[in-house]
Amino acid sequence: MEDVCLVHQALSCLNWQDIDTGCLFLGKRLEMPLIINAITGGPGELTVINRDLARAARETGIAMAVGSQSIALQDTSARESFEVVRRENPDGVVLANVSALTPVADVVQAVSMLEADAVQLHLNIPQELAMAEGDRDFSVLLERIAAAVDKLDVPVIVKEVGFGLSRETACRLQQTGVTWLDVGGKGGTNFAAIEARRFPEGIGNAFKEWGISTVCSILEVKSTGLPYHVIASGGIRSGLDMAKAIALGADLTGVAGPLLRVLLTDSYAALLAQLQRYQQELKAAMMLTGAGDLKQLQQRPWVVTGATREWCFARGLLTAAD
Ligand SMILES: Cc1cc2nc3c(=O)[nH]c(=O)nc-3n(C[C@H](O)[C@H](O)[C@H](O)COP(=O)(O)O)c2cc1C
Numbered sequence: 010m011e012d013v014c015l016v017h018q019a020l021s022c023l024n025w026q027d028i029d030t031g032c033l034f035l036g037k038r039l040e041m042p043l044i045i046n047a048i049t050g051g052p053g054e055l056t057v058i059n060r061d062l063a064r065a066a067r068e069t070g071i072a073m074a075v076g077s078q079s080i081a082l083q084d085t086s087a088r089e090s091f092e093v094v095r096r097e098n099p100d101g102v103v104l105a106n107v108s109a110l111t112p113v114a115d116v117v118q119a120v121s122m123l124e125a126d127a128v129q130l131h132l133n134i135p136q137e138l139a140m141a142e143g144d145r146d147f148s149v150l151l152e153r154i155a156a157a158v159d160k161l162d163v164p165v166i167v168k169e170v171g172f173g174l175s176r177e178t179a180c181r182l183q184q185t186g187v188t189w190l191d192v193g194g195k196g197g198t199n200f201a202a203i204e205a206r207r208f209p210e211g212i213g214n215a216f217k218e219w220g221i222s223t224v225c226s227i228l229e230v231k232s233t234g235l236p237y238h239v240i241a242s243g244g245i246r247s248g249l250d251m252a253k254a255i256a257l258g259a260d261l262t263g264v265a266g267p268l269l270r271v272l273l274t275d276s277y278a279a280l281l282a283q284l285q286r287y288q289q290e291l292k293a294a295m296m297l298t299g300a301g302d303l304k305q306l307q308q309r310p311w312v313v314t315g316a317t318r319e320w321c322f323a324r325g326l327l328t329a330a331d
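Just so you know, we're using the numbering used here here: the sequence shown kicks off at 10 and counts up by one.
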């Protein structure tokens, strides 16, 4: 995100009060284009964490995805930590989450557990390879995703967990019929590094720098010209980062790690304050680029520098004029 600059507009003739940071997501209005991204769920105190995250989503008018529901599909006592999210936020946007390897009947159950507005199917191959007990057979990924898109009556979002999405992946996913991608790029929570601490003898250490940054992933997906809705996540750390992602062409953004951290190390009030600060920072970036709403922000000029620029040229994502 440091390699992206939005171009300052000194003559931005907007009234702060008129700037609209809101958007429609899955037919519901959000006060800003943000998802509390998939984090957790399971027995014990995880219910309290998800309850607080869901309350914060409701109070600030944003969306929330739960962490992987696979545990609740195997153990009904873990369901409460997921169901609490819908109870706390009956009218909000709630996203189910399971591995993209999950058989379609289980995906249907995960969605109904939450009356979810959509389901995230996560891709995390580097993380699985870095875990001693991780999956090794990904041969059915595309067919499982296609089956979910076909069977479900809510949208499917294919989501990386921090290694990004390439143009080739976005093109291959087209055959599944999926229309929403969360790029989950490199630059934030790093599951190769996390798993390397658990399994130092595994592949995690060697792959700590693996992946495609969030900025490059957005541009990779946009370069396909395919009509994907794009969610930018992975290293989004402020409302300014949100603004940069939207200007690059994302429709929404997602944050996970920092929100969990502030809740666990500080308080619910601090979590709310952080989300409110994101909105103020986004609004300031809109004011300073002359964007009265998010559609206008998507049209505002930006400049990419440094290693990101090199990647973009190497991959043909930018022209000399950019
Ligand atoms: C503690 C923790 C648990 C996570 N669990 C899941 C998960 O179950 N499913 C998933 O799709 N992503 C999971 N993620 C990944 C996040 O949703 C997100 O894609 C990733 O952390 C990058 O965003 P960030 O840099 O804002 O943390 C988890 C992240 C964290 C920090």
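We put the beta carbon where it would ideally sit given N, CA and C, even for glycine.
Item: When TYR237, THR198 and GLY234 are compared against TRP219, the one with the closest alpha-carbon; Value: THR198
Item: TRP320: first and last residue of the uninterrupted alpha helix (DSSP H) it sits in; Value: 315-323
Item: Check whether GLN136 and GLU204 have beta carbons under 8 Å apart; Value: yes
Item: For ARG38: DSSP bridge partner residues; Value: LEU33
Item: Integer-rounded CB distance, given that VAL75 should sit under 8 Å from TRP311; Value: That belief does not hold up - the Cβ atoms of TRP311 and VAL75 are roughly 33 Å apart, past 8 Å.
Item: Straight-line gap, LEU130 to GLU319 (C-alpha atoms, nearest Å); Value: 31 Å
Item: Coil, strand or helix - PRO214 by DSSP; Value: Just to set this straight, residue 214 is Asn in the shown sequence, not Pro. Looking at ASN214 - three-state DSSP - the assignment turns out to be helix.
Item: For LEU272 and GLU54, the rounded distance between their alpha carbons; Value: 13 Å
Item: 3 or more residues per run - each beta strand (DSSP E) lying fully within the segment 173-257; Value: 189-191 and 238-242
Item: Cα-Cα separation, LEU326 to ASN24; Value: 35 Å
Item: Continuous alpha helix (DSSP H) stretch holding VAL290: start and end; Value: According to the sequence as given, residue 290 is Glu; it is not Val. Looking at the DSSP string, the run of the alpha helix (DSSP H) that includes GLU290 is 277-298.
Item: Buried/exposed call for GLY196, threshold 16 Cβ in 10 Å; Value: buried
Item: Any non-hydrogen atom of ligand 2 closer than 7 Å to SER121 Cβ; Value: Questions concerning ligand 2 fall outside what the structure shown contains, since the ligands it does hold are ligand 1.
Item: CB contact flag (LEU132, VAL165, <8 Å); Value: no
Item: Beta-carbon spacing of VAL224, GLY186 below 8 Å; Value: no
Item: Three-state class that DSSP yields for THR56 in the structure shown; Value: helix
Item: Proximity winner among VAL192, GLU142 and ARG207, relative to ILE221 (alpha-carbon distances); Value: VAL192
Item: Residue span of the alpha helix (DSSP H) that contains ILE134, given as start and end; Value: 134-139
Item: Coil, strand or helix - GLY266 by DSSP; Value: helix
Item: Contact test: HIS131 Cβ vs ligand 1 heavy atom, cutoff 7 Å; Value: yes
Item: Beta strand (DSSP E) segment containing SER90, residue limits; Value: Note, SER90: premise wrong, no beta strand (DSSP E); alpha helix (DSSP H) at 89-97.
Item: Cβ neighbours of SER232 in the same chain (closer than 7 Å, five flanking residues each side left out); Value: ARG176 and LEU326
Item: Touching by the beta-carbon criterion (3+ pairs, under 8 Å), the segment 104-120 and the segment 146-160; Value: yes
Item: Between the CA atoms of ARG67 and LEU303 - distance to the nearest angstrom; Value: 21 Å
Item: Buried versus exposed call for GLN308 [16 or more other C-beta atoms within 10 Å across all chains shown]; Value: exposed
Item: Three CB pairs or more closer than 8 Å across the segment 143-157 and the segment 91-102; Value: no
Item: Span of the beta strand (DSSP E) around ALA72; Value: 72-74
Item: 7 Å Cβ shell around ALA125 - same chain, five flanking residues per side excluded; Value: VAL103, LEU104, ALA105 and VAL163
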